[in-house]
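Please read the structure below before turning to the comments.
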Amino acid sequence: MHHFYINTSKKRRFYGILERPPLPSSIEEVTYKIFMIGRSGVGKTAVVARLAGILESNTYTETNGIKKTNVFWPVKIWDKVVLFKLQFWDTSEASIKKYNHILPVSIKEKPANIVIGTKFKPWSSSTIEDARIKEFEDKWKVKVIRIDINKLPIRSEVFDCSYQLNTICNILWNRDKEFISKQMGQN
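To convert, note that position 162 of the sequence shown is 198 in the working numbering; the numbers rise steadily by one, no gaps.
Encoded structure:
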């Protein structure tokens, strides 16, 4: 994990689009494109920032165009470590309507989609009951992952998002494993 954190500040190391963690070549790297979907103001950019370990300001600014953020996350699968490179593609409804090339580029290669939603206004502190979330998961056959975008200073940054990142990586890995199994069965 020391490749992913700055020792002096205990904050996650941010890697640019062309950078990656300095890991041995024996560690397998898998890349996933994840398209963020949701209405304006629900917190798509804040969720990506939270998962990337970036402390964003609390002021709302609509994303103009596409904002691509790479998140590297190591996961132990069976007996080996796999490095997940999650490429989050974040855009706004207004950008999709204004620039006709954004939606086709965003959904090219059939990315995983993360839908960010809220039942209430973004500034509301109300929550959705667990029974409603379970009902939604059962109806749409999707996993709902709760993410708190507020950073608590008493907790280490890794504890704030490790469950969510592990869950996302696990879902993507199992989806591909299932797809490959189906392909092998058809041949």
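The C-beta atom is built at its ideal place from N, Cα and C for all residues, glycine as well.
Query	Result
Among residues of its own chain, excluding the 5 on either side of I150, which ones have a beta-carbon nearer than 6 angstroms to its beta-carbon?	I70, M72
Buried or exposed: where does A130 fall if 16 or more other Cβ atoms within 10 Å of its Cβ makes it buried?	exposed
Hey, is I150 close to the ligand GDP, as in C-beta under 6 angstroms from one of its heavy atoms?	With respect to small molecules bound, the structure shown includes none, and the ligand GDP cannot be examined in it.
Which first and last residues belong to the beta strand (DSSP E) in which I65 is found?	Reading off the sequence, residue 65 comes out as Glu, not Ile. Note, E65: beta strand (DSSP E), 64-73.
Counting pairs of beta carbons, one from the stretch 163-172 and one from the stretch 82-90, are three or more of them closer than 8 angstroms?	no
Pull up the CB-CB distance for E171 and V180, whole angstroms please, since I reckon it's below 8 angstroms.	About 10 angstroms separates the two Cβ atoms, so there is no contact after all.
Just mark W176 as buried or exposed, buried being the case when its beta carbon has 16 or more other beta carbons within 10 Å.	exposed
Return the chain-ordered list of same chain residues with a C-beta closer than 8 angstroms to the C-beta of I102, the five sequence neighbours on each side being excluded.	W125, D126, T127, S131, I138, V141, S142
Does the separation of the CB atoms of E64 and V118 fall below 7 angstroms?	yes
With H, G and I counted as helix, E and B as strand and the rest as coil, what does DSSP make of W109?	strand
Pull up the CB-CB distance for T67 and Q123, whole angstroms please, since I reckon it's below 8 angstroms.	6 angstroms
Is T127 helix, strand or coil when you go by DSSP?	strand
Measure the Cβ-Cβ separation of P57 and F108 and say whether it is below 7 angstroms.	yes
What does a CB cutoff of less than 8 angstroms around K104 pick up in its chain, not counting 5 residues either side in sequence?	I53, Q123, F124, W125, D126
Suppose the cutoff is 8 angstroms on Cβ atoms and the five residues either side in sequence are ignored; what does the same chain contact list for Y51 look like?	P57, N106, F108
Report the option in R48, R75, W114, S61 whose CA atom is closest to the CA atom of G89.	R48
My output table needs one value for K146: the three-state DSSP class, helix, strand or coil.	coil
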